[in-house]
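Numbering (mature numbering (1 follows the signal peptide of the UniProt record, and there is no 0)), first residue to last: -27 to -1, 1 to 182.
The block underneath contains the structure these notes are about, expressed in structure tokens.
Shown next, in the form of structure tokens:
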């Protein structure tokens, strides 16, 4: 049998190499992890202007997550608790409790609440029927307006102290009360501070300043 020619050998090698490329690309993509993604992101940012601020990445020391949120190592964003949004979880969100995490950031001083909800961030119910969507059967919801807490409770109080009202001027002083299990969080929109009250210590702990 005549040995293969140089041209046929080259053609066979080319076909073998081209058939191996998808497998190599797949193996490389499976090997990639968050560190490689972070490195590629840094390389892409080298072409930015010098006065351009760095993109948010909670894995970098220059950025941090607020409201006790955890950092997602896959996208460099913070996994915010209910009621907060933004890259670092510092933006209060508008929306009622049935909206879950599908809430839009607040634009301006107040939110435009849907029917049946009120409060600074629209998380205080006004009627029983708006709570039906949170019931397994879709009916029988109860809007608790007093201090009784079943699982989660959000309340709002208008501040009428004349000295406080005069001091804030055009700002509308209100205090929101959030109770989860046995801990109580008090939101003061006038100065933007969360304070958590724990029964064991019986004191208010500043959370966000």
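Glycine included, every Cβ here is placed at the ideal spot set by N, Cα and C.
Fill in: Coarse secondary structure for residue 104, derived from DSSP in three states
DSSP, read as helix, strand or coil, puts residue 104 in helix.
Item to complete: Please confirm whether residue 60 and residue 29 have their CB atoms less than 8 Å apart.
Response: yes
Worksheet entry | Nearest residue (CA-CA) to residue 64, options 49, 71, 107, 42 | 42
Worksheet item: What alpha helix (DSSP H) runs, 4 residues minimum, are completely inside the stretch 43 to 100?
Response: none
Discussion item. Whole angstroms are fine: how far does the CA of residue 46 sit from the CA of residue 34?
Written reply: 13 Å
Practice prompt. Would you mind sorting residue 115 into buried or exposed? The rule is 16 or more other CB atoms within 10 Å of its CB.
Written response: exposed
Worksheet item: Is the stretch 68 to 85 in contact with the stretch 100 to 111, if contact means three or more CB pairs nearer than 8 Å?
Response: They touch, by the three-pair rule.
Worksheet entry | Close beta carbons around residue 138, own chain, < 8 Å, minus the five adjacent residues each side | Excluding residues up to 5 positions away in sequence, 132, 146 lie with their Cβ nearer than 8 Å to the Cβ of residue 138 in the same chain.
Worksheet entry | Cβ neighbour criterion (16 or more within 10 Å) applied to residue 96 | Buried, since its Cβ has 16 or more Cβ neighbours within 10 Å.
Worksheet item: Leaving out the 5 sequence neighbours to the left and right, which residues in its chain are closer than 7 Å to residue 66 when beta-carbon positions are compared?
Response: Closer than 7 Å at Cβ, skipping near neighbours: 56, 57, 58, 76, 77, 78, 79, 94.
Fill in: Alpha-carbon to alpha-carbon, residue 49 and residue 99
38 Å
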